[in-house]
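Have a look at the structure below before the remarks.
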Amino acid sequence: MAIIDIERSRTITGGRAVAALLAVLALVHLYWATGLTWPAADERALSLAVLGSVVSFGPAVVLPLAALEGFAAFAVALRAHEGGRRRGIPRLVTAAVAVGMLLRGAVGLVWIVVGRDGSGAAFPWLNALVYTPLCLAFGWAALRAAR
């Protein structure tokens, strides 16, 4: 009789989803490094929508982020591909991704409750409806994948 480990399957699926999200984020940052600002009209509007403050989205800022996200995507995917058996750096990176996402989710909850002045019109809505829920959900999935 075969035993099916449903939890392990969910952990692998969650790890793959986190790796996919990180890969998409890396590609988006590479796209922004070209100077294009979709989905915003200009760099200032993009910065206000994504970060809630005016910050440069120049190559010197977004290329290191893209590299970091690409490395993290690879490590998390490796951890998920091995079914959680691979220890060492993939596990450590997956745990770091989990901590980072859960921390961003917690800060996002504070911003929702307390508010954030000067963050533009789009950021509070995007934070409440997109950024914070995604960080909490994917942070939880990464935490499970890191165990």
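With positions in the sequence shown counted from 1, the corresponding number in our numbering is that position plus 159.
All residues carry an ideal CB built from backbone N, CA and C; glycine is no exception.
Alpha helix (DSSP H) segment containing residue i, residue limits
i: F297; result: 291 to 305
i: G264; result: 248 to 273
i: G242; result: First-last for G242: undefined, no H or E at that position.
i: S278; result: Where S278 is concerned, there is no enclosing alpha helix (DSSP H), given that its DSSP letter is neither H nor E.
i: L159; result: Outside the shown range of the chain, which is 160 to 306, sits residue 159, and nothing can be said about it.
Beta-carbon contacts of residue i that lie in its chain and below 7 Å, excluding the five residues immediately before and after
i: H188; result: V221, L224, A225, E228
i: G130; result: Any answer about residue 130 is impossible in this case: the structure gives the chain only from 160 up to 306.
i: A178; result: A232, V235, A236, A239
Under 9 Å between C-beta atoms of residue i and residue j
i: A255; j: A239; result: no
Beta-carbon proximity list for residue i, same chain, < 8 Å, skipping 5 on both sides
i: L181; result: E228, G229, A231, A232, V235, V256
i: V252; result: F230, A231, A234, V235, R238
Contacts around residue i, its chain only, beta-carbon distance under 6 Å, and the 5 residues preceding and following it disregarded
i: T261; result: This sequence places Leu at residue 261; Thr is not what is there. Cβ neighbours of L261 beyond the five flanking positions: G298.
i: R275; result: G211
i: P249; result: A234, L237, R238
i: S278; result: G211
i: A281; result: A208
Beta-carbon separation (whole angstroms), residue i vs residue j, contact threshold 8 Å
i: G242; j: R167; result: 6 Å
- request: Take every Cβ of the segment 263 to 276, pair it with every Cβ of the segment 195 to 202, and state whether three or more of those distances are shorter than 8 Å.
  value: no
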